[in-house]
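Visitor: Residue numbers (UniProt numbering): 1 to 255.
Using N, Cα and C, we set each Cβ at its ideal position, and we do this for glycine too.
Source: prediction; values computed, not measured.
Submitted below is the structure of interest, expressed as structure tokens.
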Ligand code: ADP
Ligand code: MG
């Protein structure tokens, strides 16, 4: 028995994800051209690559916002193309945080974190509020639970969005450029919440241009370009010594 994990305040039940030969087209535009990617339970993988390379589409396929044309996705014992799969149950394993936080403007931070719990998971209001408060405290915002989105900074709103996702008890978290829309002074707080989540053992697939975060927190970095995985490896190695010319060129522009 691992005491550290057992006693960690936010100890999570983490699932891995396994993607095989994933293909996705919009009309005649093939955006994902056969992606193979495995993220082990508890692993943190940063996905980097130029705009238009298919990173968001890949994440949207993993949480089944998009229907792949071909290929398989395994998450937490579920397989997306299994005809008997319960898509709603599979989707519930996966939490997602977007560049635009998409909070409900007319709901408080707390209510933003309870609404899907009561509507989707059918939790009682009391149970949902307790889980929401626990997760707002986890992202350092317990004291602002009654604020509305327009009374919060961008970084605080994004932390509410993370708390909202965590309140659904996901086993895998997807982040799509979570700090790209933020004022520079609020980026650090969001990255620090993500760093803590990684330490607690959450499986995370993170699209980001924050190379400092990738280097420090990610177990692996995956570089995508033109709908394919061009290069992947240990974060430090890919960032410091990329093997592929296209990775070098990309890093030269973002570092
Ligand atoms: P990235 O996140 O790496 O910038 P995206 O996955 O957003 O890349 O987009 C990859 C390609 O897919 C782009 O050429 C984009 O225009 C196209 N695309 C993305 N979503 C759609 C959509 N809903 N309909 C049509 N084309 C799309
Ligand atoms: Mg994108």
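Who's in the neighbourhood of the ligand ADP, going by beta-carbon under 5 Å from any heavy atom, listed in chain order?
Guide: 26, 31, 51, 52, 53, 54, 55, 56, 57
Visitor: Straight-line CA distance for residue 190 to residue 30?
Guide: By 1-based counting over the chain shown, the position of residue 190 is 190. By 1-based counting over the chain shown, the position of residue 30 is 30. Those two C-alpha atoms are separated by around 33 Å.
Visitor: Could you check whether the segment 40-51 touches the segment 214-227, counting it as contact only if at least three pairs of C-beta atoms, one from each stretch, sit closer than 8 Å?
Guide: Below 8 Å, enough C-beta pairs join the segment 40-51 and the segment 214-227 to call them touching: three or more.
Visitor: So, with DSSP's three-state summary, where would you put residue 193?
Guide: Indexing the chain shown from 1 puts residue 193 at position 193. Helix.
Visitor: Does the segment 96-103 come close enough to the segment 146-164 to have 3 or more Cβ pairs within less than 8 Å?
Guide: yes
Visitor: Run through the DSSP bridge pairs and tell me what residue 29 is partnered with.
Guide: For this step, residue 29 is matched to residue 29 along the chain shown. DSSP output for residue 29 lists 26 as bridge partner(s).
Visitor: With a threshold of 8 Å, are at least 3 pairs of Cβ atoms found where one atom belongs to the segment 18-32 and the other to the segment 71-78?
Guide: yes
Visitor: Contact between the segment 159-176 and the segment 133-142: three or more CB pairs below 8 Å?
Guide: Inter-segment contact for the segment 159-176 and the segment 133-142 is present: three or more beta-carbon pairs are separated by less than 8 Å.
Visitor: Can residue 200 and residue 76 be called in contact, C-beta distance under 8 Å?
Guide: Residue mapping note: residue 200 aligns to position 200 of the chain shown, counting from 1. Residue mapping note: residue 76 aligns to position 76 of the chain shown, counting from 1. No; because the gap between Cβ atoms is not below 8 Å, this pair is not in contact.
Visitor: Can you tell which of 193, 93, 202 has its C-alpha closest to the C-alpha of residue 41?
Guide: Position 41 of the chain shown, counted from the first residue, corresponds to residue 41. Ranking the options by Cα distance to residue 41, first place goes to 202.
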